[in-house]
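See below for the structure under consideration.
Number of protein chains: 2
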Amino acid sequence: MLREDVTDAIRAAVFAELAAVGFSRMSIEGIARRAGVGKTAVYRRWKSKLSLVVDVVGAVAVQGLPAPDTGSLYGDVRALLEVASHALRHPVASQVIPDLLVEAVRHPEIADTLKAALLDSQQGVVAQIVQAAAGRGELPADTDPDRALDLVLGPLYWRLVVVRTEPPRGYLDDLARATVAALTA
Amino acid sequence: MLREDVTDAIRAAVFAELAAVGFSRMSIEGIARRAGVGKTAVYRRWKSKLSLVVDVVGAVAVQGLPAPDTGSLYGDVRALLEVASHALRHPVASQVIPDLLVEAVRHPEIADTLKAALLDSQQGVVAQIVQAAAGRGELPADTDPDRALDLVLGPLYWRLVVVRTEPPRGYLDDLARATVAALTA
């Protein structure tokens, strides 16, 4: 394998191992085996399991997310819920994120990486949605973007990641409508 | 120690170990050591770590939660948010629940126990709040209690367990107001 291919194989193996066995049970040996490389190939690049996971998960953050721009608060919230719904239903995300949230309590490096990879991009998107809505007069200019993020993503996260029961047909339309009402209350 | 005292010490040790090291790293040895009993005292009562955790966490479910009855939808939602906020800020709950949610993906017994211990009681409380509000004409009679639970607890759970930043002063009042708007949208 080329050097870049080895690195890519290790990165892919980290996500697969995180989803399959979780951070605490995951080992460098298991990652190397899944990637089809030797343990030394991993240790040459990363000094520990923690630094490997922080680096690999952190790299996802760079991609960022474009903010929807549909011309209405309802449209933007509905579009964001669609993207978030796909992301939270992805088997890797739905197992890796809660697992790393647990580890984040014990490892500040993981907390910082998760914050950068998940929250900062979502906060940026919601802040743009709120700003656009304020510009159209749909929301007050002093709307708190953190509170907006809680109201937009909280119910969907709770349903898909905590409760884990399939929402009824039309759920995202309904949730977008309820969220707009909450934001403008 | 009396036989019941041993059982109580083991139960307390399970929660402490879950919070300190998490389910996957937790061992019967560690639980026994923390409880000040021998390993055989644990194995005499429970056949495995999994059955021990399922039994101990499941016992919490029996206690249940009384539904608030303040006479208004806003008052009931605000009261529930107060209780949930205290529960979710408790260090044991804030580490044990996310940890067990992760394990629930791999162990159906944990999923069932968590559902009984956490969701069923919360669902029962929200269903009673919704029913009382419908009786007063504050909500339509066909309000979906599962959707109501998502809207009531989702934003608070997201903020306190996922984002983990301190909400501003007056957050619960504001959240209750926003939630009532979402429920009645």
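Here the protein sequences come in this chain order: A and B. Going by my numbering, the first sequence opens with residue 1, and the numbers climb by one from there. Going by my numbering, the second sequence opens with residue 1001, and the numbers climb by one from there. All C-beta atoms, glycine included, are put in the ideal place defined by N, C-alpha and C.
- For V1125 (chain B), the uninterrupted alpha helix (DSSP H) run begins and ends at D1120 to G1135, by DSSP.
- At a cut-off of 4 residues, the continuous stretches assigned as alpha helix (DSSP H) that sit fully inside the segment 1046-1089 of chain B are 1049-1063 and 1073-1089.
- If you compare the alpha carbons of A:A9, A:L118 and A:D76 with that of V96 (chain A), the shortest gap goes to A:L118.
- Nearest Cα to V37 (chain A) within the set A:R147, A:S72, A:T7 and A:L73: A:T7.
- Only P98, D99, L101, V102, V105 and L119 from the segment 97-130 of chain A bring a Cβ to less than 7 Å from some Cβ of chain B.
- Close to chain A, meaning a Cβ-Cβ distance shorter than 8 Å, are the following residues of the segment 1137-1158 of chain B: D1144, D1146, R1147, L1149, D1150, L1151, L1153, G1154, P1155, L1156, Y1157 and W1158.
- Within the same chain, F1023, S1024 and I1110 come within 8 Å of E1103 (chain B) by CB-CB distance, once the 5 residues on both sides are set aside.
- Burial check for P1140 (chain B): the Cβ neighbour count within 10 Å stays below 16, so the residue is exposed.
- In this structure, the straight-line span from the alpha carbon of E1017 (chain B) to that of G1030 (chain B) is close to 7 Å.
- Boundaries of the alpha helix (DSSP H) around F1015 (chain B): R1003 to V1021.
- Chain order gives no chain B residues near S27 (chain A), where near means a beta carbon separation below 8 Å; the closest approach is about 13 Å.
- Boundaries of the alpha helix (DSSP H) around V180 (chain A): Y171 to L183.
- Within the segment 2-24 of chain A, the residues whose Cβ lies closer than 7 Å to some Cβ of chain B are G22 and S24, listed in chain order.
- Interface residue (Cβ-Cβ distance to chain B less than 8 Å): R177 (chain A) is classified as such.
- If the five residues before and after A1148 (chain B) are omitted, its C-beta is found closer than 7 Å to the C-beta atoms of V1126, V1130 and L1183, all from its own chain and listed in chain order.
- Here the segment 46-53 of chain A makes no contact with the segment 64-78 of chain A; the two share fewer than three CB pairs at distances below 8 Å.
- Distance from R1078 (chain B) to L1156 (chain B) at the Cβ level is roughly 11 Å; contact not present, criterion being Cβ atoms closer than 8 Å.
- In the structure shown, E1138 (chain B) falls within a coil segment according to DSSP collapsed to helix, strand and coil.
- Taking a Cβ-Cβ cut-off of 9 Å, A134 (chain A) has no neighbours in chain B, whose nearest Cβ is about 17 Å from it.
- Taking the Cβ atoms as the reference, A1178 (chain B) lies roughly 5 Å from A185 (chain A), within the contact range of under 8 Å.
- Shown here, V1096 (chain B) sits in a helix according to DSSP, grouped into three states.
- When the five nearest sequence neighbours on each side are left out, the beta carbons in the same chain lying within less than 7 Å of the beta carbon of L81 (chain A) are those of L156, L172, L175 and A176, in order along the chain.
- Going by beta carbons, V1152 (chain B) and L1073 (chain B) fall outside the 8 Å limit.
- Comparing C-alpha distances from G170 (chain A) to each of B:T1040, B:G1154, B:D1144 and B:P1168 shows the shortest one belongs to B:D1144.
- When B:P1167, B:V1014, B:D1069 and B:S1027 are compared, the shortest CA-CA separation from G1058 (chain B) is found for B:V1014.
- Its Cα nearest to that of D1112 (chain B), the residue A:V163 stands out among A:R45, A:R3, A:W46 and A:V163.
- Counting C-beta atoms within 10 angstroms of its own C-beta, R44 (chain A) has fewer than 16 neighbours from the protein chains shown and is therefore classed as exposed.
- Using a Cβ-Cβ cut-off of 8 Å, A182 (chain A) counts as an interface residue toward chain B, since at least one Cβ of chain B sits closer than that to its own.
- Taking C-alpha positions only, L1002 (chain B) is separated from P167 (chain A) by approximately 49 Å.
- Nearest to D1146 (chain B) by alpha-carbon distance, out of B:V1161, B:L1160, B:W1158 and B:Q1128, is B:Q1128.
- In summary, D142 (chain A) is exposed, with fewer than 16 beta-carbon neighbours lying within 10 Å of its beta-carbon over all protein chains present.
- When only Cα atoms are considered, A1019 (chain B) and S1027 (chain B) end up about 13 Å apart.
- In the structure shown, the three-state DSSP call for T1165 (chain B) is coil.
- For the pair V21 (chain A) and A32 (chain A), the CB atoms are not nearer than the 8 Å cut-off.
- DSSP, read as helix, strand or coil, puts G38 (chain A) in coil.
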